[in-house]
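Taking it in order: structure first as structure tokens, then the write-up.
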Amino acid sequence: MRASLSLSKHSKKDIDNILGEFGFVATSSKRMLGGFSATNYRVETKDGEMAVLKIMNGMQKKSVKGQTDIIEYLFRRGYTGLGRPYIAAWKGKDESKQKSDEDKDEDEDEDTHDDDDGDDDIEKRYVVFKGTPCCLLSYVDGISAEEALEQNLDLCESTVIAMLGEELAKLHSVVVTPDAGLRDHLTGGASLASEHMNGVYLLAIEDSKYANHPFIKFYQEELVNLIDCMSNRNLPKGIIHGDPFLDNVIVDEKSGHFKGFVDWEDTTVGPLLFDIATAIIGTCYNEHCCMLDEFRLKTFLNGYTKKRKLTNEELQYLPRFIQMTLTCNCAWRFKNFAIDHPELNETNSHVEIQERVLAMREEDTKDFLGKVMADLHAGARRRENVAPCVLCAII
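Here's what the structure looks like:
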């Protein structure tokens, strides 16, 4: 469960100014429940057109551009499980002519114009307001799968978990063309994996008052696995959501049918296993338990592999990716709650996730996951009558 963060509210004038840059005239706006990446408002026109205004707190313009570029690419490739970004009505200025004024321009209270990316003909899908980039996405109607399971007692948990697997596989099946020009996991998204890989995250912790905390040693040990996983060039890559937890999956309130994914801040082009492992750590643990639930895990993987087969190397690396995404989540909690937001009094929120990482090191866990991977491959072999593979040892 994620803690809530009190973010600054925006006046009606602020919201109208931002929306005006997208040619969107709202007659109503309502702040949505949110977390750390954005302050979200559901806005609606007099004709009933609804959208979500996302004010991306603390993010750089290139990060928001990277997100909206991928979302638009998915839409143009026929993928519909998302909200499409609106195009801003203004045209960008040539960065080479504006560099000296960049900081001044972004600090102006009412400035919603941008000054990077250089080409006046490029469609812009974000604006900058008071130094903060913002985007507008069409509204995905429904409720989160997490809420649906809590409110609808007739909705079967295993059905929702299998559905998540299937829908994630559909997303991963979207082909990324060589000329797409989308960001990858080495430059952004994927729970800031690039900042783990280049040492930025470690430096931030070492520069804090927690420089001698035992977490540092644990994190450095896990960093070896993280870098190895995310540097593997043999694993299939494609567009990943980056944070496919059930609270980011929108379903029909009554039927539980999939409507779309939301909160694409971590989307990027990267190893598909990152998404698979992230979904597993978000759905396949019982509360306050360090061991994966076998039934949930198999339910998710069976749902996923109905739409997309895992390669032999993916089967080999999946346990390590589970451990790695747990580490990313754990490190995020430690930095976010212990260093960045101690006022929330959740300094030890990382401990439960850290215990799950440590459990992944145990031989019993390795044996259990090895059997699950072997059973999954054997099932695929029986269905398709293909030659067996030899699974390497789980490290």
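Going by UniProt numbering, the residue at position 235 of the sequence shown is 235; the numbering climbs one at a time, nothing skipped.
Note that CB positions come from ideal geometry on N, CA and C, so glycine has one too.
As the structure is a prediction and not an experimental result, all values here were calculated from the model.
Looking at the DSSP output, Met50 sits in a beta bridge with Glu44. Around Glu195, the same chain offers Tyr201 as residues with beta carbons nearer than 7 Å, after the five sequence neighbours per side are excluded.
Residue Ile240 holds the alpha-carbon nearest to the alpha-carbon of His185 among Ile240, Ala89, Ile71. Distance between Met373 and Leu301, taken at the CA atoms: about 10 Å.
In the DSSP assignment, Gly131 falls outside any beta strand (DSSP E) and carries neither an H nor an E.
The shortest CA-to-CA distance from Ala190 to any of Tyr317, Asp179, Thr325 is the one to Thr325. Contact annotation: the region 242-254 touches the region 142-154, with at least three C-beta pairs closer than 8 Å. When Ile71, Thr311, Asp266 are compared, the shortest CA-CA separation from Trp332 is found for Asp266. Just so you know, the alpha carbons of Val224 and Thr327 end up roughly 11 Å apart. A contact between stretches requires three or more CB pairs, one per stretch, nearer than 8 Å, and the region 40-51 meets this requirement with the region 10-29. With a cut-off of 8 Å on Cβ pairs, the region 316-324 is in contact with the region 273-292, counting three or more such pairs. In this structure, the beta-carbon distance from Ile227 to Ile216 does not fall below 8 Å. Taking a contact to require three or more Cβ pairs closer than 8 Å, the region 52-60 and the region 127-142 qualify as touching.
Around the C-beta of Val175, fewer than 16 other C-beta atoms lie within 10 Å, and the residue is accordingly described as exposed.
Contact annotation: Gly303 and Ala162 have beta-carbon atoms nearer than 8 Å. Only residues of its own chain outside the window of five on either side were considered, and among them Asn152 have a CB closer than 8 Å to the CB of Lys254, listed in chain order.
Annotation for His257: Val251 place their beta carbon closer than 7 Å to its own, counting only its chain and skipping 5 residues before and after. DSSP places Ile339 in no alpha helix (DSSP H); its state is neither H nor E.
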